[in-house]
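Residue numbers 361 to 485, in my numbering, belong to the letters of the sequence shown in order. Presented below is the structure to which this report refers.
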Amino acid sequence: MNAEFLPKYLALVREHNKLHNPQPGEQHTRLLRSILGCAAESGELASAAMQSISNNCDIDPLEALDEFGDVLFNLVRGLDALGFDLELAMMANSSKLISRALRGKNKPSERRVLENLVSEVACDS
């Protein structure tokens, strides 16, 4: 990912939040809107998957990219409403996945992937 793009994207999301929720203290409303937005956009992805199954064809990659982008936008909006950012969510999620692997809660193949990831992260530190 281009290191310069993420801060610009986050600024865009924050500006969008200000325009659509100009009143201070509307964190709860912003959070609910982002959750419902994630659900709606995920539903559009699910609909594309159902069409793919029904029509026995692949999902259009550009349509999927567009919908994943919408999910991401709503996800970042929700994180921002809570005072978090995407990097923190990714770090927390990877910690959870690593913890599961270490406790044997994953399939052996998943565990190997996560162990390799841990090794790479440790080498980068």
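Where is the CB? At the ideal position from N, CA and C, for every residue including glycine.
Just to check my reading of the structure: residue i and residue j have Cβ atoms closer than 8 Å, yes? What is that Cβ distance to the nearest angstrom?
i: R437; j: G397; result: 7 Å
i: R390; j: A441; result: 4 Å
i: E404; j: E427; result: 5 Å
Is the beta carbon of residue j closer than 7 Å to that of residue i?
i: L439; j: D445; result: yes
i: N434; j: S394; result: yes
Exercise. Are three or more beta carbon pairs between the region 398-414 and the region 445-455 nearer than 8 Å?
Worked result: no
Problem set entry | Cβ contact (3+ pairs, closer than 8 Å) linking the region 389-403 and the region 415-423 | no
Problem set entry | Sequence ranges, alpha helix (DSSP H) only - wholly within the region 379-440, length at least 4 | 387-415
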